[in-house]
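Here the structure comes first, spelled out in structure tokens, and everything after it is commentary.
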Amino acid sequence: MVEGNTTIFLKGDNEKWSLSGMTALVTGGARSIGHAIVEELVGLGASVHTCDRDEIELNESLRRWKALGLPVTVSVCDVTSRAERERLMKRVSASFDGKLDILVNNVGTAVIRPAEDISAEEYSLMMATNLESGFHLSQLAYPLMRQSGKGNIVFISSAASVVAMPSVCVYASTKGALNQIAKNLAFEWAKDNIRVNCVAPGFVETSLSKQTVDDEYRTGIIGKTPLHRAGKTEEISSAVAFLCMPAASYISG
């Protein structure tokens with residue numbers, strides 16, 4: 436609050452910009468955007484459980500978090516497996532006394548190739564990783580959020596979900612579907628005080644982008660970006676954290 440030339444911090448202002456006491460599940464937290472989201476949420480006061488299918492990278496991250504005294508627990512999980520998703524949520528429920536405040540559906544994969552060259556296996560992989568996992572985990576998180584009395588779900592979508600880009604037909608379709616799932620869940624679950632949103636980044640420098648995008652493609656995409664640079668993982672994690680805060684309580688869908 437500003438009165439005249441004096442800034443007055445009212446009681447409760449700090450709580451608006453804090454995640455203190457909240458619990459969170461972040462998928463794909465061993466590297467890149469997911470890793471940044473874990474550390475962002477913890478830095479704002481949340482206790483976080485994260486999962487990844489890469490056990491080596493996950494354990495390396497856990498050692499670092501433990502050394503820093505951060506309240507992070509982990510599970511090895513392949514989110515393309517329905518059974519593993521169910522086991523993951525059972526562990527989250529046990530860790531957080533049957534409650535969950537935040538779910539960040541971050542896991543994603545991409546095959547950058549002309550549509551006519553995408554194989555059936557690649558199509559199924561992107562659908563299971565990007566789309567099916569996020570929807571199912573949201574279903575599994577729903578009763579835990581109802582028990583908590585509130586909830587925030589954030590999907591990591593993509594700018595490719597709203598504009599056409601070369602060689603990302605199936606990937607973009609999965610992300611576009613996430614946008615629509617978020618809108619509908621926001622509508623359906625508003626009665627339970629659960630907010631649902633998407634963050635749709637442009638090109639971000641990640642371990643996945645280094646594996647799937649060559650220099651020519653990268654230069655072309657960045658050239659069409661107003662800031663003329665790639666995004667940073669911490670710039671995405673900041674947006675995610677904001678959407679989970681009480682300060683964003685009227686943002687949903």
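Residue numbers for the sequence shown, in my numbering: 436 to 688.
For glycine and all other residues, C-beta sits at the position ideal for the given N, C-alpha and C.
Just so we're clear, the structure is a prediction, and the values are computed from it rather than from any experiment.
*Return the first residue and the last residue of the beta strand (DSSP E) that S482 is part of.*
For this step, residue 482 is matched to residue 47 along the sequence shown. Segment 482-487, the beta strand (DSSP E) holding S482.
_CB contact check: E551 to chain B, cutoff 8 Å_ = Within the model displayed, chain B is absent; a lone protein chain is all it includes.
*Rounded C-alpha distance that separates L535 from P578*: Numbered from its first residue, the sequence shown carries residue 535 at position 100. Numbered from its first residue, the sequence shown carries residue 578 at position 143. Computed Cα separation, rounded: 9 Å.
*P601 to P549, Cα distance in whole Å?*
Numbered from 1 along the sequence shown, position 166 holds the residue referred to as residue 601. Numbered from 1 along the sequence shown, position 114 holds the residue referred to as residue 549. One C-alpha to the other measures close to 7 Å.
*Candidates F677, C486, G688: which alpha carbon is nearest E450's?*
By 1-based counting over the sequence shown, the position of residue 450 is 15. Nearest of F677, C486, G688 to E450, Cα basis: F677.
*Could you tell me whether the Cβ atoms of V511 and V483 are closer together than 8 Å?*
In the sequence shown, counting from the first residue as 1, residue 511 sits at position 76. In the sequence shown, counting from the first residue as 1, residue 483 sits at position 48. Cβ atoms of V511 and V483: not closer than 8 Å.
_Which complete alpha helix (DSSP H) runs does the stretch 502-557 hold, if anything under 4 residues is left out?_
517-530
*For the alpha helix (DSSP H) that G419 lies in, which residues bound it at each end?*
Examination of residue 419 is not possible in this model, given that the chain is present from 436 through 688 alone.
*Helix, strand or coil: which one does DSSP assign to T641?*
As a first step, residue 641 is located in the sequence shown; it is residue number 206 there, counting from the start. Looking at T641 - three-state DSSP - the assignment turns out to be coil, as it is neither helix nor strand.
*Hey, quick one: how far does the alpha helix (DSSP H) through T668 stretch, first residue to last?*
As a working note, residue 668 is residue 233 in the sequence shown. Its alpha helix (DSSP H) spans residues 668-679.
*asked:* Taking the alpha carbon of A594 as the reference point, which residue from M580, S583, K610 has its own alpha carbon closest?
replied: Here the question's residue 594 lines up with position 159 in the sequence shown. Looking at the Cα atoms, K610 is the closest of the given residues.
*In whole angstroms, what is the alpha-carbon distance linking I671 and L538?*
Reading the sequence shown from its first residue, position 236 is the one you call residue 671. Reading the sequence shown from its first residue, position 103 is the one you call residue 538. Approximately 15 Å, taken between the alpha carbons.
*asked:* Starting from N587, trace the beta strand (DSSP E) in both directions and tell me its first and last residue.
replied: The count along the sequence shown starts at 1 and reaches residue 587 at position 152. Residues 586-591.
_Coarse secondary structure for N628, derived from DSSP in three states_ = As a first step, residue 628 is located in the sequence shown; it is residue number 193 there, counting from the start. Coil at N628, not helix or strand.
_Pull the bridge partners of C633 from the DSSP assignment, please._
As a position in the sequence shown, residue 633 is number 198, starting the count at 1. C633 pairs with F590.
*Nearest to G478 (by Cα), restricted to the options A576, E669, R581, S687*: For the purposes of this step, residue 478 is taken as residue 43 along the sequence shown, with counting starting at 1. Of the listed residues, the one whose Cα sits closest to G478 is E669.
*Would you kindly report the start and end of the unbroken alpha helix (DSSP H) that includes A576?*
The residue you call residue 576 lines up with position 141 of the sequence shown. Per DSSP, A576 belongs to the alpha helix (DSSP H) from 568-583.
*Pull up the DSSP beta-bridge partners for A459, would you.*
Taking the sequence shown and counting its residues from 1, the one referred to as residue 459 is at position 24. For A459, which the question treats as bridged, DSSP gives the partners V483, I537.
*Taking DSSP as the reference, what is the three-state secondary structure of T654?*
Position 219 of the sequence shown, counting from 1, holds the residue named residue 654. Helix at T654.
*Taking Cβ positions, are G533 and N565 nearer each other than 8 Å?*
Taking the first residue of the sequence shown as position 1, residue 533 is located at position 98. Taking the first residue of the sequence shown as position 1, residue 565 is located at position 130. No; because the gap between Cβ atoms is not below 8 Å, this pair is not in contact.
*Does DSSP put V603 in a helix, in a strand, or in coil?*
For the purposes of this step, residue 603 is taken as the residue at position 168 of the sequence shown. Looking at V603 - three-state DSSP - the assignment turns out to be coil, as it is neither helix nor strand.
*Terminal residues of the alpha helix (DSSP H) in which A595 lies*: For the purposes of this step, residue 595 is identified with residue 160 of the sequence shown, where counting begins at 1. Run containing A595: none; DSSP gives neither H nor E here.
*Can you tell me which of V527, I468, E474, G480 puts its alpha carbon nearest to the alpha carbon of M580?*
Taking the sequence shown and counting its residues from 1, one reaches residue 580 at position 145. The residue with the shortest Cα to Cα distance from M580 is V527.
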